[in-house]
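These notes are about the structure you will find just below.
In mature numbering (1 follows the signal peptide of the UniProt record, and there is no 0), the protein residues as written are -16 to -1, 1 to 115.
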């Protein structure tokens, strides 16, 4: 009896696993442009004010006088949250990590819209690190 029960449990687990994998493989569409692009609450001026207030120049970058332009790309989700931030152009010495820390700290954005519906949209943001 125990063997039959064990066999049924293992068989059920084997059948359930592929079904879960199939549903997780479904990909959603992230747009590169939208009729109404996502926006930081208060617009670009508020965005750059937030960045200026929150970005702390990394000690190593300051010590080595590291300057340059970083480009970060992330997804503004339909609910306004940010996901998948990636620094595309780098300057090193901790600047990328600091920029990602601040991006993750941002408040929800006003999401993008396409045909009246909120959509996920890629957003690319250049940031200059300079003294």
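C-beta atoms are modelled at their ideal positions from N, C-alpha and C, and glycine is treated no differently.
Residue 77 - DSSP class collapsed to helix/strand/coil: Here residue 77 is taken as the residue at index 93 of the chain shown, counted from 1. Of the three classes helix, strand and coil, the one that applies to residue 77 here is coil, per DSSP.
Residue 107 vs residue 22 beta-carbon contact at 8 Å: As a working mapping, residue 107 is identified with position 123 in the chain shown. As a working mapping, residue 22 is identified with position 38 in the chain shown. Taking 8 Å as the Cβ cut-off, residue 107 and residue 22 qualify as a contacting pair.
Helix, strand or coil at residue 41 according to DSSP, with G and I counted as helix: In the chain shown, counting from the first residue as 1, residue 41 sits at position 57. Correct three-state label for residue 41: coil.
Those runs of the beta strand (DSSP E) which lie wholly inside the region 13 to 75 and span at least 3 residues: Qualifying beta strand (DSSP E) stretches, in chain order: 52 to 60, 66 to 73.
Integer-rounded CB distance, given that residue 77 should sit under 8 Å from residue 98: The residue labelled residue 98 in the question sits at position 114 within the chain shown. The residue labelled residue 77 in the question sits at position 93 within the chain shown. A Cβ-Cβ separation of about 39 Å leaves residue 98 out of contact with residue 77 under the 8 Å criterion.
Cutoff 6 Å; reference residue 105; Cβ partners in own chain excluding five residues on either side: Here the question's residue 105 lines up with position 121 in the chain shown. Answer for residue 105: 15, 18, 22, 60, 96, listed in chain order.
Residue 6 classed as buried or exposed, judged by whether at least 16 other C-beta atoms fall within 10 angstroms: One-based indexing of the chain shown puts residue 6 at position 22. Residue placement at residue 6 is poorly supported in this model, since its pLDDT is 44, which falls under 50; the coordinates still yield a value, given next. By the neighbour-count rule (16 or more Cβ atoms within 10 Å), residue 6 is not buried but exposed.
6 Å Cβ shell around residue 86 - same chain, five flanking residues per side excluded: Residue 86 sits at position 102 when you count from the first residue of the chain shown. Around residue 86: 38, 39.
Buried versus exposed, by CB contacts within 10 Å (16 or more), residue 196: Limits of the chain in this structure are -16 at one end and 115 at the other, which puts residue 196 out of reach.
Nonlocal neighbours in the same chain, by C-beta distance under 6 Å from residue 93, ignoring five residues either side: Here the question's residue 93 lines up with position 109 in the chain shown. The residues are 22, 24, 60, 64.
Contact belief for residue 53 with residue 73 at Cβ below 8 Å, rounded distance in angstroms: By 1-based counting over the chain shown, the position of residue 53 is 69. By 1-based counting over the chain shown, the position of residue 73 is 89. About 6 Å; that satisfies the 8 Å criterion.
Simplified DSSP state of residue 88, which is helix, strand or coil: Along the chain shown, one-based indexing puts residue 88 at 104. Here residue 88 sits in helix by DSSP.
Distance, residue 90 Cα to residue 26 Cα: Taking the first residue of the chain shown as position 1, residue 26 is located at position 42. Taking the first residue of the chain shown as position 1, residue 90 is located at position 106. Looking at the two C-alpha atoms, the distance is approximately 13 Å.
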